[in-house]
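What follows is a set of notes on a single structure, which appears directly below.
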Amino acid sequence: MSSNLKAENRRNCRNERNVARREEINCCQNERNEARLEAINRRQNERNEARREEINRRQNERNEARRVLLRRGMHCVARNNVIRENETHFSCCHSGKVVLPPLSPYPPLMVDLMTGNHVDRALNQNFFKNIRNYNACLSFASFIATIDTPSNRGPPCFRTSRQIMHRIGNLRHQQEQNDCCIRELMDFLQTIIIQENPYALAFKNMAEVEDAEIRQAAIEGRPISVVNFVA
1 MSSNLKAENR RNCRNERNVA RREEINCCQN ERNEARLEAI NRRQNERNEA RREEINRRQN
61 ERNEARRVLL RRGMHCVARN NVIRENETHF SCCHSGKVVL PPLSPYPPLM VDLMTGNHVD
121 RALNQNFFKN IRNYNACLSF ASFIATIDTP SNRGPPCFRT SRQIMHRIGN LRHQQEQNDC
181 CIRELMDFLQ TIIIQENPYA LAFKNMAEVE DAEIRQAAIE GRPISVVNFV A
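Using my numbering, the first residue of the sequence shown is number 1, and each one after it goes up by one.
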């Protein structure tokens, strides 16, 4: 009987020691977890504070740049737009660091044609209907390249090999392929190109040289000489 009592006492003591050990382990684990959570929260708060300070600093820089431009009565050159008082962002020109030259005014005739406000409605409708014909007819050159088609199955891509050339059309068109276009509108567009594009003057001068050669050959009664244009 006494031996059983001693064994029971030993078991109880062992259980008490195990319980005390588990409580100590749990207490240490909780302390470590609390310390870890405090460190994580502290680092997170420091990062958030640094992020907020950086955001506020950039916002203050943008606001200061906007106030400077407003005091000077300037336009935002990157957007070609007036800066308003209630704007909250000023990233279009990197706080004034990006400076673009002003765009040249758009030709009034092109504005009327592109917006559909030309006085001649038939002319305007013909322009919209055959705009690709006008563009192809008045273009300086066409893009010519050897298209390299990939053999594998992948996303579509435009890949060229060897040389890239620009093919120029004849000075005098031999085929009537623009019958749908209006001659008056074609002359208007050609005039705009001559006025706005300095390279178009070379083509105009070349045509004048050819016309002068044709007249001179008719006067002298000889064949027309070949006229070359060297770019």
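The beta-carbon is built from N, C-alpha and C at its ideal position, and this holds for glycine as well.
query = In whole angstroms, what separates the C-alpha of GLN125 from that of LEU113?
reply = Looking at the two C-alpha atoms, the distance is approximately 9 Å.
- Message: Tell me the DSSP secondary structure of PHE140 in three-state form.
- Response: Here PHE140 carries a coil assignment [DSSP, helix/strand/coil].
Close-in-space but distant-in-sequence residues of the same chain around ASN86 (CB under 7 Å, 5 per side omitted) | Only weak support is given to the placement of ASN86: the predicted model assigns it a pLDDT of 48, under 50, and the question is left unresolved by the model.
Status (buried if at least 16 other CB within 10 Å, exposed otherwise) for CYS13 | Under this definition CYS13 is an exposed residue.
CYS181 - DSSP class collapsed to helix/strand/coil: Coil.
Next on the checklist: Comparing C-alpha positions only, which one of ALA200, PRO107, VAL98 sits nearest to PHE140?
Outcome noted: Check the Cα spacing between PHE140 and each of ALA200, PRO107, VAL98: the tightest is with ALA200.
### Query
Can you give the beta carbon distance from LEU138 to ILE193, rounded, assuming they're within the 8 Å contact cut?
6 Å between Cβ atoms; contact.
Given that a residue counts as buried once 16 or more other Cβ atoms are within 10 Å of its Cβ, and exposed if not, what is PHE127?
It counts as buried.
**Prompt:** Around the Cβ of LEU185, are there at least 16 other Cβ atoms within 10 angstroms (buried) or fewer (exposed)?
**Reply:** Under this definition LEU185 is a buried residue.
Exercise for the section: Have a look at ALA122, ARG62, LEU109, ASN4 and flag the residue whose alpha-carbon is nearest the alpha-carbon of THR191. Expected result: Proximity to THR191 across ALA122, ARG62, LEU109, ASN4 peaks at LEU109, based on C-alpha coordinates.
Along the chain, where does the alpha helix (DSSP H) containing PRO108 start, and where does it finish? Taken as a continuous stretch (DSSP letters only), the alpha helix (DSSP H) holding PRO108 covers 108-115.
Quiz prompt | Length of the line joining the Cα atoms of SER104 and ALA218 | solution = Roughly 44 Å between the two C-alpha positions.
So, at 7 Å on beta carbons, what are the nonlocal neighbours of LEU189 in its own chain, with the 5 sequence-adjacent residues on each side left out? If we look at LEU189 and ignore the five residues flanking it on each side, its Cβ neighbours are TYR134, LEU138.
Grouping DSSP H, G and I as helix and E and B as strand, with all else coil, what is ILE194?
In the displayed model, ILE194 falls within a helix according to three-state DSSP.
* Between the C-alpha atoms of LYS129 and ASN197, what's the straight-line distance to the nearest angstrom? -> The C-alpha of LYS129 lies about 25 Å from the C-alpha of ASN197.
*asked:* If you follow the alpha helix (DSSP H) that ASN124 is in, where does it begin and where does it stop?
replied: Per DSSP, the continuous alpha helix (DSSP H) segment holding ASN124 begins and ends at 121-129.
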